[in-house]
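Enquirer: Structure below; questions to follow.
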Amino acid sequence: MNVKPPETDDELFVLLRGGDEAAFVALYRKRQASIYRFAMHVSGSASVAEDVAQEVFMALLRDGCGFDPDRGTLSGYLYGIARKLLLRQMERGRGDVPLETESEEKVLPGLAVTDNALDDLTHREGIEALRRAIGTLPRRYREVVVLCDLEEVDYADAAGVLGCPIGTVRSRLHRARALLLEKLNQDRQPRPSVSTLKPIRCFI
Amino acid sequence: MNCQEFWDSLPEVGANADVQHAAECEACASLLNRHRRLVDGLKTVAAELRHTGAPARVEVGLVAAFRSHQRPVRRAARPHWWVPALSWAAAAGVLIVAALSLLHPHQPLPAHRNASSTVEMAAVTDSTDAYAADGDDDFIPLPNASRLDPNEDVNVVRVEVPRSAMLEVGLAVSADRVSEMVEADVMLGQDGVARAIRFLDESM
Chain A
0 MNVKPPETDD
10 ELFVLLRGGD
20 EAAFVALYRK
30 RQASIYRFAM
40 HVSGSASVAE
50 DVAQEVFMAL
60 LRDGCGFDPD
70 RGTLSGYLYG
80 IARKLLLRQM
90 ERGRGDVPLE
100 TESEEKVLPG
110 LAVTDNALDD
120 LTHREGIEAL
130 RRAIGTLPRR
140 YREVVVLCDL
150 EEVDYADAAG
160 VLGCPIGTVR
170 SRLHRARALL
180 LEKLNQDRQP
190 RPSVSTLKPI
200 RCFI
Chain B
4 MNCQEFWDSL
14 PEVGANADVQ
24 HAAECEACAS
34 LLNRHRRLVD
44 GLKTVAAELR
54 HTGAPARVEV
64 GLVAAFRSHQ
74 RPVRRAARPH
84 WWVPALSWAA
94 AAGVLIVAAL
104 SLLHPHQPLP
114 AHRNASSTVE
124 MAAVTDSTDA
134 YAADGDDDFI
144 PLPNASRLDP
154 NEDVNVVRVE
164 VPRSAMLEVG
174 LAVSADRVSE
184 MVEADVMLGQ
194 DGVARAIRFL
204 DESM
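For the protein sequence lines, the chains are A and B, in the order given. Each residue of the first sequence is one higher than the one before, counting from 0 in the numbering used here. Each residue of the second sequence is one higher than the one before, counting from 4 in the numbering used here.
As structure tokens, this is what we get:
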């Protein structure tokens, strides 16, 4: 008789808590890449992402790890720990300036975006520009783009990870995409050439 | 439906949402098209990063931590009458050796931890720098790992890792053997985080 190997995160979690090393390794291999990428995108640092990935899975080994399948998915729980670790890291580094003054619920679509920037997205340079643009988003928008657009986490799980209503996830995502379009467009604006600059005064 | 309501109610720009408003409003239709192209670009970014994950050394450290965490639990599950007796005898033996050492001081010998074929855990309580002692034992500090305190207790756990993990610490591995498994001893700090590694077979 063939016994189906456990595949769901919850089954693997129960087994690993019972001391099954293979289940722990299987869960790690299944989930580590997305946690690592999330941390790398949000922090912009591979070494921070590595520390976060390690700490997230170490948390599963602790006695009171706090995961409750009734409250959400294991994947969401892991992202949640990763996010808390990243916020703690940013608190220490103060590397991010949040945009607290912007309204989250009202997203006005009126942005002057040309199609040229979007045409570039079919080329290598355009994709690189998009990656850079994601990195320059304010943290609250960056994390929602990474979760929903890059890691394809559904809105309900993303809301759980970010600790906000689904509507807020939706509005942040709209705003984030609008900001990305704006940034891509700005990248394409030609810089003023030296000949067009007017000298004003020299004190030396 | 006005433009604001349209954007507020749009669940996903990639999905076939209610686009009736977009059919009537040229500005929204144009912006919706740009958002969709942006989402396509984001999907390309996600696809390019699909194989990005944490380095192999993270898994090595976590497996070692898992074994270190599980070991006391397994011991507690099968108590034997002779365990306390043996512990007291060992403690008495240590006290006698310590007393003799105080009476007849001599040069300390370098510590050697010869791992057996099963998982081995050894508490090292030397007051010397653990990494300095590791020089004799071929332990290689892991990149980004913090240094051990001179008086910190360490555990050594034997694990089996892909040979590609040797690349992470700067050892050469031939391309055709990267996926082979190799035994390694991992040194864990008091916090359970891996600090150094020693490969039992360092051949390329």
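A virtual CB, placed ideally from N, CA and C, is assigned to each residue, including glycine. All values reported here derive from a predicted model rather than from experimental measurement.
Could you tell me whether the Cβ of leucine 170 of chain B comes closer than 8 Å to any Cβ of chain A?
Expert: Here residue 170 of chain B corresponds to residue number 167 of the second sequence, with the count starting at 1. Chain A, which has no Cβ nearer than 8 Å to the Cβ of leucine 170 of chain B, makes this no.
Enquirer: Note down the Cα distance separating leucine 170 of chain B from arginine 169 of chain A, rounded to an integer number of angstroms.
Expert: Here the question's residue 170 of chain B lines up with position 167 in the second sequence. Here the question's residue 169 of chain A lines up with position 170 in the first sequence. About 42 Å.
Enquirer: Taking just the CA atoms, how far does alanine 26 of chain B sit from alanine 32 of chain B?
Expert: Within the second sequence, numbered from 1, the residue matching residue 32 of chain B stands at position 29. Within the second sequence, numbered from 1, the residue matching residue 26 of chain B stands at position 23. Alanine 32 of chain B and alanine 26 of chain B: Cα-Cα distance of roughly 7 Å.
Enquirer: Give me the subset of the region 34–46 of chain B whose CB atoms are less than 8 Å from a CB atom of chain A, sorted by chain position.
Expert: Flagged, chain order: Leu34, Arg37, His38, Arg40, Leu41, Val42, Asp43, Gly44, Leu45, Lys46.
Enquirer: Out of curiosity, what's the CA-to-CA distance linking arginine 176 of chain A and phenylalanine 66 of chain A?
Expert: By 1-based counting over the first sequence, the position of residue 176 of chain A is 177. By 1-based counting over the first sequence, the position of residue 66 of chain A is 67. So the alpha carbons of these two residues sit roughly 32 Å apart.
Enquirer: Determine the extent of the beta strand (DSSP E) in which phenylalanine 202 of chain B is found, giving its start and end residues.
Expert: Locating residue 202 of chain B in the second sequence gives position 199, where the first residue counts as 1. Residues 197–202.
Enquirer: Can you find a C-beta in chain B that's less than 8 Å from the C-beta of glutamate 49 of chain A?
Expert: By 1-based counting over the first sequence, the position of residue 49 of chain A is 50. Yes, because at least one Cβ of chain B sits closer than 8 Å to the Cβ of glutamate 49 of chain A.
Enquirer: Counting only Cβ pairs nearer than 7 Å, list the residues of chain B close to leucine 84 of chain A.
Expert: For this step, residue 84 of chain A is matched to residue 85 along the first sequence. Within chain B, no residue comes near leucine 84 of chain A; the closest Cβ sits about 14 Å away, beyond 7 Å.
Enquirer: Assuming methionine 57 of chain A is part of the alpha helix (DSSP H), what are its boundary residues?
Expert: Mapped onto the first sequence, residue 57 of chain A falls at position 58. Looking at the DSSP string, the run of the alpha helix (DSSP H) that includes methionine 57 of chain A is 45–60.
Enquirer: What in chain B is Cβ-close to arginine 130 of chain A, meaning under 7 Å?
Expert: The count along the first sequence starts at 1 and reaches residue 130 of chain A at position 131. Val48, listed in chain order.
Enquirer: Roughly how many angstroms lie between the CA atoms of leucine 59 of chain A and lysine 46 of chain B, to the nearest whole one?
Expert: Reading the first sequence from its first residue, position 60 is the one you call residue 59 of chain A. Reading the second sequence from its first residue, position 43 is the one you call residue 46 of chain B. If you take the alpha carbons of leucine 59 of chain A and lysine 46 of chain B, they lie about 30 Å apart.
Enquirer: Run down chain B in chain order and give the residues with a C-beta less than 9 Å from the C-beta of glutamate 20 of chain A.
Expert: Walking along the first sequence from the start, residue 20 of chain A turns up at place 21. Those are Val66, Phe69, Arg70, Gln73, listed as they occur along chain B.
Enquirer: Report, in whole angstroms, the separation of the C-beta atoms of proline 68 of chain A and aspartate 9 of chain A, which I expect to be a contact under 8 Å.
Expert: In the first sequence, counting from the first residue as 1, residue 68 of chain A sits at position 69. In the first sequence, counting from the first residue as 1, residue 9 of chain A sits at position 10. So it is a contact: roughly 5 Å between Cβ atoms.
Enquirer: Along chain A, in chain order, which residues have C-beta atoms closer than 7 Å to that of proline 153 of chain B?
Expert: As a first step, residue 153 of chain B is located in the second sequence; it is residue number 150 there, counting from the start. Chain A residues near proline 153 of chain B: none, gap ~23 Å exceeds 7 Å.
Enquirer: So, does the CB of leucine 73 of chain A fall closer than 8 Å to a CB anywhere in chain E?
Expert: Within the model displayed, chain E is absent; protein chains A and B are what it includes.
Enquirer: So with CB distances below 9 Å, who are the chain A contacts of glutamate 205 of chain B?
Expert: Position 202 of the second sequence, counted from the first residue, corresponds to residue 205 of chain B. Ordered by position in chain A, no residue passes the 9 Å Cβ test against glutamate 205 of chain B, which lies about 23 Å from the chain.
Enquirer: What residues in the region 16–45 of chain A have a beta carbon less than 7 Å from any beta carbon of chain B?
Expert: So the list reads Gly18, Glu20, Phe23, Val24, Tyr27, Gln31, Ala32, Tyr35, Arg36, given in the order they occur along the chain.
Enquirer: Give me the Cα-Cα distance between serine 214 of chain A and arginine 30 of chain A, rounded to the nearest whole angstrom.
Expert: Chain A is shown from 0 up to 203; residue 214 of chain A falls before or after that span and cannot be answered.
Enquirer: Which of helix, strand or coil does DSSP assign to valine 13 of chain A?
Expert: As a first step, residue 13 of chain A is located in the first sequence; it is residue number 14 there, counting from the start. Looking at valine 13 of chain A - three-state DSSP - the assignment turns out to be helix.
Enquirer: Examine chain A for any beta-carbon lying closer than 8 Å to the beta-carbon of valine 157 of chain B, and answer yes or no.
Expert: On the second sequence, position 154 is the one that residue 157 of chain B refers to. Closer than 8 Å: no.
Enquirer: Kindly identify the DSSP beta-bridge partner or partners of arginine 161 of chain B.
Expert: Taking the first residue of the second sequence as 1, we reach residue 161 of chain B at position 158. B:Asp188.
Enquirer: In its own chain, which residues sit with a C-beta less than 8 Å from the C-beta of cysteine 7 of chain A, not counting the 5 before and 5 after it?
Expert: For the purposes of this step, residue 7 of chain A is identified with residue 8 of the first sequence, where counting begins at 1. Per the sequence presented here, residue 7 of chain A reads as threonine, with cysteine not at that position. Cβ neighbours of threonine 7 of chain A beyond the five flanking positions: none.
Enquirer: Identify, in the order they occur along the chain, each residue of the same chain with its Cβ nearer than 8 Å to the Cβ of alanine 45 of chain A, setting aside the five sequence neighbours on each side.
Expert: Here residue 45 of chain A refers to the residue found at position 46 when the first sequence is read from its first residue. Taken in chain order, the residues that qualify are Met39.
Enquirer: Going along chain B, which residues have a C-beta under 8 Å from phenylalanine 66 of chain A?
Expert: For the purposes of this step, residue 66 of chain A is taken as residue 67 along the first sequence, with counting starting at 1. Within chain B, no residue comes near phenylalanine 66 of chain A; the closest Cβ sits about 16 Å away, beyond 8 Å.
Enquirer: Mind checking who proline 144 of chain B pairs with in its DSSP beta bridge?
Expert: Position 141 of the second sequence holds residue 144 of chain B. B:Ala199.
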